[in-house]
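> In the numbering used here, the protein residues as written are 27 to 522.
By construction, the Cβ of each residue, glycine as well, lies at the ideal position given by its N, Cα and C atoms.
Because the structure is a prediction, the values reported are computed rather than measured.
1. Closer than 8 Å is the cut-off here; do at least three beta carbon pairs connect the stretch 334-352 with the stretch 111-119?
2. Under the rule that 16 or more other beta-carbon atoms within 10 Å means buried, what is residue 240, buried or exposed?
3. According to DSSP, which residues form a beta bridge with residue 149?
4. Ignore the nearest five residues each way along the sequence and tell me which others in residue 383's own chain have a CB closer than 8 Å to its CB.
5. Once DSSP output is grouped into helix, strand and coil, what is the label at residue 119?
6. Any chance the stretch 303-319 sits against the stretch 284-292, with 3 or more Cβ pairs inside 8 Å?
7. Do residue 316 and residue 330 count as a contact pair if the criterion is CB distance below 8 Å?
8. Within the chosen definition, does the stretch 220-237 reach the stretch 134-149 through at least 3 CB pairs nearer than 8 Å?
9. Would you mind stating whether residue 179 and residue 218 have Cβ atoms separated by less than 8 Å?
10. Within the stretch 182-243, note down every full beta strand (DSSP E) run reaching 3 residues or more, in order along the chain.
11. What residues are listed by DSSP as bridge partners for residue 101?
12. What are the start and end residues of the alpha helix (DSSP H) that includes residue 323?
13. Compute the beta-carbon to beta-carbon distance between residue 224 and residue 136, rounded to the nearest angstrom, for a pair I have assumed lies under 8 Å.
14. Candidates 183, 213 and 176: which alpha carbon is nearest residue 153's?
15. Ends of the alpha helix (DSSP H) at residue 54?
16. Does the pairing of the stretch 370-378 with the stretch 411-431 give three or more beta-carbon distances under 8 Å?
17. With 16 other CB atoms within 10 Å as the buried threshold, where does residue 104 fall?
18. When you compare the CB positions of residue 8 and residue 238, do they come within less than 8 Å of one another, or not?
19. Who does residue 137 pair with in a DSSP beta bridge?
20. Please go through the same chain and pick out, in chain order, the residues whose beta-carbon is closer than 6 Å to the beta-carbon of residue 442, but skip the five residues on each side of it.
21. Name the DSSP bridge partner or partners of residue 82?
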């Protein structure tokens, strides 16, 4: 009953983990343990263990935060104009990743689920900036340096370097988009000093655990920024590499080899996407290009075998997906011609659709079928499936195992603390009992000593009395003798 009352009294402090029942129980148990430990930490007896209480409290907080908001980090990598931002926009369901980004404005940007639309901005430190400027000067990054000077970015440099993170919430995506542009636009002097953006979206079209990371280019002339991407690839759970489907340029090849060199222990978590297949003349053109890519990707420095390469190379069209998503009941001749121009439908089909529209015979079902066909062509939903079924499923399994292990470690440390203090308290009790017994012995010994001293004192007093009496007797006799002597002297007469 005491345990039930304790749980009831602290029910408002318990957290709910909705995505896994086992971990939900673990979270409840560890929070209850934390409450007990926090209460103990206030006791005078445990003051010397303040370091333990601070450490275990911080780790429990981290554990709860991670278990509430577990993230699967997917780094999106690609050369400039490789369709990276368009892919991200298709995956998140909003056009928040700028498609006009140049190497000079590249900023590492994270996209993840949040209960509210929000933006967190992180800034470079002075030490970061010194390295960036040194790289730019050494590598003669003319565009970067000239743009910096033209915008007179020095005006805000000291205000933004070492600045604390800025966090903002927004009622709408459009408001947030404007604020993102303020910090990332090449026309803004502030963008030079922004190290990282974290964008929270309340209706993200991906699982809540997913965090998509738009990275600066691996081939950035400013090596310090490239290093940020290299490090992120090493730490990410998975990597998606965007390359232009139409060409096999040296830049794409360098990007791929750099990715595999940093992800050599998770090659099965690297996916290569040939982007912009919509601009190719035909599906056959992509198949020919794909064969060239596979010859490279099956080599040891990449996937190491043809089977993995085939399963991890995909042709996509983020643009086609975006266009299909915009199709609605307002579907007219202009829309059809636009789709034809964009090579998403051919001329013969376009003519038939226009005829049906003019006769009011083009139904919603027909539009839905066209939309579905273009979406299937885009392969974006297949990318979504890869993320959710292959990457995320593996992550969920390993993540649960990791959280269980972390829970066991925390419980073990708490039990060790409890057992240690149980032993200490037992020892103190034994010490007190031993001390009490020894004290009683000492008291008894002192009592005996006192009795002996009292006996000795009594004996001494008797001796003193006897000595005093004897002295008095002898002194009396001596005094009598002196008196007799004095009498005898008086009787003797001496003649002069």
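Concretely, from the data shown:
1. yes
2. Counting from one through the chain shown, the residue named residue 240 turns up at place 214. Classification for residue 240: buried.
3. Within the chain shown, the letter at position 123 stands for residue 149. In the DSSP output, where bridge partners are listed per residue, residue 149 has 220.
4. Position 357 of the chain shown, counted from the start, is the residue given in the question as residue 383. 357, 358, 359 and 362, listed in sequence order.
5. The count along the chain shown starts at 1 and reaches residue 119 at position 93. Looking at residue 119 - three-state DSSP - the assignment turns out to be coil, as it is neither helix nor strand.
6. no
7. Counting from 1 along the chain shown, the entry for residue 330 is found at position 304. Counting from 1 along the chain shown, the entry for residue 316 is found at position 290. For the 8 Å CB-CB criterion, residue 330 and residue 316 do not form a contact.
8. yes
9. Counting from 1 along the chain shown, the entry for residue 179 is found at position 153. Counting from 1 along the chain shown, the entry for residue 218 is found at position 192. Closer than 8 Å, so yes.
10. 192-196, 220-227 and 236-240
11. Position 75 of the chain shown, counted from the start, is the residue given in the question as residue 101. Answer is 239 and 265, bridged to residue 101.
12. On the chain shown, residue 323 is found 297 positions in, with the first residue counted as 1. Segment 309-323, the alpha helix (DSSP H) holding residue 323.
13. The count along the chain shown starts at 1 and reaches residue 224 at position 198. The count along the chain shown starts at 1 and reaches residue 136 at position 110. Indeed, because the Cβ distance is near 5 Å, the residues count as touching under 8 Å.
14. Translated into the one-based positions of the chain shown, residue 153 becomes position 127. Measuring from the Cα of residue 153, the nearest candidate turns out to be 183.
15. Within the chain shown, the letter at position 28 stands for residue 54. 47-67 is the span of the alpha helix (DSSP H), which, as asked, contains residue 54.
16. Segments in contact, no.
17. Along the chain shown, one-based indexing puts residue 104 at 78. The residue is buried, with at least 16 neighbouring Cβ atoms inside 10 Å.
18. Coverage of the chain is limited to positions 27 through 522, which leaves residue 8 absent and any answer about it impossible.
19. If you number the chain shown from 1, residue 137 lands on position 111. BP columns for residue 137 point to 225 and 238.
20. Within the chain shown, numbered from 1, the residue matching residue 442 stands at position 416. Sequence-distant partners of residue 442 (beyond 5 residues in either direction) whose C-beta falls short of 6 Å from its own C-beta are missing from its chain.
21. The residue labelled residue 82 in the question sits at position 56 within the chain shown. In the DSSP output, where bridge partners are listed per residue, residue 82 has none listed.
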